[in-house]
Amino acid sequence: MEGKEEESVEELIKKSRYCFEKRNNQEAKETLERALAIQRNELGEDDLTVAWILYQIGTILAEEDNFDEAFEKFDRALAIRVEKLGTHLETANSYMSIGVVLESQDNGEKAEVMFREALGIYLEILPRNHSEVMDAYLHLASSLKKQGKLSQATKIHKLRLGTLLQIHGEDHQGVVLSYNGISELLRIQNRLDDALQMIDRAVEICNRLERLGDFDMDLLGRALYNKASILNEQGNFKAATEVFNKVLTIQIEAFGEMHRATALTYENLAAVYIQQGMIEGAIMAYTNAINVRRKELGNDHPDTKELLLTLALLKRDKNITTLNDEGLARNAEGDSEKALQLFHQVLDIYEESSIASPNVAAAYENISTIKVDQGMLEDAIAASAEALKIRRRTLGDGHCDTKRRMEAHRSLLKRLLVSRS
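What follows is the structure, encoded as structure tokens:
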């Protein structure tokens, strides 16, 4: 009985495309590898179809975050294309893909070189407003940002933005990406008011485009994520919480709950809850993030382990809240010694777990208040100073709670000076 006739390279490529469309990456990759072996055997290592197959395999590997192997495939495809094609769209695409892999590995310097090579070819063979050119500018700006070359990154974003505004006007998705990128650069430079103004323009455009239909909601999600991050850094935690929750709604609808982008938003939301002393909310958000990380990375991955440790410490901080509340109740009943014992239990937990949260600051403040009532001003000032350190670290100098503690601390210092005069 004769064996089944071997599929041709063309048939295998067609099959791989079908598998890729169905999100069956493993079968697509295996099919391409079979096609690669046949093509190499028939036409040698330097064939353009070999380069195309290598490029497709690299694309699948990059999507799976297998960046080392993806780089190897892209690099080999690039070498063939440079030799056989020279200044060509496929050559530029290879440079771009290598740049994206390097950027994913936090190698911004080498990524910049690749993006500049790609951009040079694109500008030579494509119109300046072509989507490939715009994407190359965007990636180049990102690689510059990662290297700390903020002025150069801003210049690239503005160059891209100017082209888009001239051709499309403001109501264009590419303009949103530029406003978002510039806003991120302003945030890094601590120009938070300017950053917020820029991202608000991006959000306004998104809202207008959404009303017109045919709009990528992920774009709005990314703009809102940036806005929430800015609000958080400004100490506007309530507004940041609201915006992060909007981002979650968009991401869950777009990607589902078990997605890395959703996990990252849950983690940021948890951090904002912690800043507000909302431990229950933080525990819930971290639990959701852990569920995603476990599925994506497994229990033994460092990122999963770090989140599990954070969650354990948060649960301890929940105990801190309970102790603080009980201490306040005992002090109100006139049992200041028992109250002090409870507040010092909070500090013991803090020493053990290094949780620097508003609840720990509250314990120091409560101790300071009792020490004032007992006439022990120096002890009160020492406790107040610790509270102020934590307020500054967790909330920043501009937060209202930090300002109140500063004023209370100054008042205690004045009382001490008066008592010694």
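Counted the way the numbering used here counts, the sequence shown spans residues 1372 to 1792.
Glycine included, every Cβ here is placed at the ideal spot set by N, Cα and C.
DSSP, read as helix, strand or coil, puts Asn1702 in helix.
With contacts defined by Cβ atoms closer than 9 Å, Ile1741 and Ala1710 form a contacting pair.
Positions of the alpha helix (DSSP H) runs, each at least 4 residues long and wholly inside the region 1448-1519, are given as 1460-1475, 1479-1496, 1502-1517 in order along the chain. Annotated three-state conformation of His1543 is coil, per DSSP.
Exclusion of the five residues before and after Ala1733 leaves Asn1695 as the residues of its chain whose Cβ lies within less than 6 Å of its Cβ. With fewer than 16 other beta carbons inside 10 angstroms of its own, Tyr1389 counts as exposed. In this structure the region 1616-1623 does not touch the region 1600-1608; the number of beta carbon pairs closer than 8 Å is below three. With respect to the C-alpha of Met1467, the residue from Glu1435, Glu1454, Gly1429, Asn1500 having the closest C-alpha is Gly1429.
The C-beta of His1539 has fewer than 16 other C-beta atoms within 10 Å across all chains shown, which makes the residue exposed. Distance from the CA atom of Ile1738 to the CA atom of Gly1652, rounded to whole angstroms, is 27 Å. For Asp1565, the three-state secondary structure derived from DSSP is helix.
In the three-state scheme derived from DSSP, where H, G and I count as helix and E and B as strand, Asn1395 is classed as coil. For Gln1427, the uninterrupted alpha helix (DSSP H) run begins and ends at 1419-1434, by DSSP. Between the beta-carbon of Ala1758 and that of Arg1781 there is about 13 Å, and that puts the pair past the 8 Å contact cut. Secondary structure of Glu1697 (DSSP, three-state): helix. Every alpha helix (DSSP H) stretch that sits fully inside the region 1730-1792 and reaches 4 residues is listed by chain position as 1748-1766, 1771-1791. Taking all protein chains shown into account, Gln1397 has fewer than 16 neighbouring C-beta atoms within 10 Å of its C-beta and is therefore exposed. Looking only at Leu1432, Asp1436, Leu1449, Glu1488, the smallest Cα-Cα distance to Thr1420 is reached by Leu1449. Rounded to whole angstroms, Ile1650 and Ala1642 show a C-alpha spacing of 10 Å.
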